[in-house]
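Q:
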Amino acid sequence: YRKQSVPYFHGRARGGRRYPRSSYFAWKLQYAFICWTRVADHIRSMYSKDSLKVLPDQELYYESVDTVDTVYSGNHTPSLKQYLSRCQRTAGVYQVIATIPWVAHLFNKTMQLLWKHTSYLVYI
262 YRKQSVPYFH GRARGGRRYP RSSYFAWKLQ YAFICWTRVA DHIRSMYSKD SLKVLPDQEL
322 YYESVDTVDT VYSGNHTPSL KQYLSRCQRT AGVYQVIATI PWVAHLFNKT MQLLWKHTSY
382 LVYI
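Now the structure itself:
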């Protein structure tokens with residue numbers, strides 16, 4: 262999956278038509294590819310074509326500090342004010358939430374409330 266997901270994301274982020282197929286993966290992993298497609302679509306809408314040529318090759322990786330940017334911990338859903346406060350403290354980092362496996366949370370009321378306060382969810 263890792264070998265395919267990185268080229269898939271890079272291909273999608275650049276807007277090209279050449280990227281690995283995801284159809285031979287288990288359906289849960291195919292949902293992860295759908296998420297990567299959505300994130301790549303968002304990135305393409307925000308950056309110039311010149312930036313998109315360089316951005317995927319940089320393989321930039323941000324890891325939020327646990328005490329600053331954790332928004333769902335111990336069954337606690339933050340208020341919008343709390344979430345935005347955390348966003349301000351990590352201004353250079355695009356806020357994301359990772360869930361494993363994400364499909365299990367579709368009908369969880371707490372997660373549904375949390376999604377209203379987030380910009381994007383990244384599914385691993």
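In the numbering used here, the protein residues as written are 262 to 385. All C-beta atoms in this analysis are idealised placements derived from N, C-alpha and C, irrespective of residue type, glycine included.
(1) Comparing C-alpha positions only, which one of Trp288, Ala274 and Ser284 sits nearest to Ser306?
(2) Going by alpha carbons, who is nearest to Pro281 out of His303, Lys289 and His271?
(3) Are there 16 or more other CB atoms within 10 angstroms of the CB of Gly277, so buried, or fewer, so exposed?
(4) Please work out which residues of its chain come closer than 7 Å, Cβ to Cβ, to Leu313, disregarding the five sequence neighbours upstream and downstream, and give them in chain order.
(5) Which class does Arg275 belong to by DSSP, given the choice of helix, strand or coil?
(6) Near Ile295, which residues of its chain fall below 7 Å by C-beta distance, leaving aside the five closest residues on each side in sequence?
(7) Of all the alpha helix (DSSP H) runs that stay within the bounds of the region 288-319, which reach a length of 4 or more residues?
(8) Whole angstroms are fine: how far does the CA of Val315 sit from the CA of Tyr308?
(9) Alpha carbon to alpha carbon, what distance is there between His303 and Leu290?
(10) Alpha carbon to alpha carbon, how far is Lys310 from Tyr285? Give it in angstroms, no decimals.
(11) Taking 7 Å as the limit between beta carbons, can you name the residues of its chain near Thr298, skipping five residues before and five after?
A: Considering the structure as presented:
(1) As a working mapping, residue 306 is identified with position 45 in the sequence shown. Out of Trp288, Ala274 and Ser284, Ala274 has the C-alpha closest to the C-alpha of Ser306.
(2) To locate residue 281, count along the sequence shown from 1; it is residue 20. Measuring from the Cα of Pro281, the nearest candidate turns out to be His271.
(3) As a working note, residue 277 is residue 16 in the sequence shown. Burial call: exposed.
(4) Here residue 313 refers to the residue found at position 52 when the sequence shown is read from its first residue. Contacts found: Ala274, Arg275, Gly276 and Arg305.
(5) As a working note, residue 275 is residue 14 in the sequence shown. Correct three-state label for Arg275: helix.
(6) Residue 295 sits at position 34 when you count from the first residue of the sequence shown. Excluding sequence neighbours, Ile295 sits near nothing in its chain.
(7) 288-307 and 310-319
(8) Locating residue 308 in the sequence shown gives position 47, where the first residue counts as 1. Locating residue 315 in the sequence shown gives position 54, where the first residue counts as 1. Cα to Cα, the separation comes out at about 11 Å.
(9) Indexing the sequence shown from 1 puts residue 290 at position 29. Indexing the sequence shown from 1 puts residue 303 at position 42. Going from the Cα of Leu290 to the Cα of His303 covers about 20 Å.
(10) Within the sequence shown, the letter at position 24 stands for residue 285. Within the sequence shown, the letter at position 49 stands for residue 310. Cα-Cα distance, rounded: 30 Å.
(11) Position 37 of the sequence shown holds residue 298. Once the five neighbours on either side are set aside, the close Cβ partners of Thr298 are Arg273.
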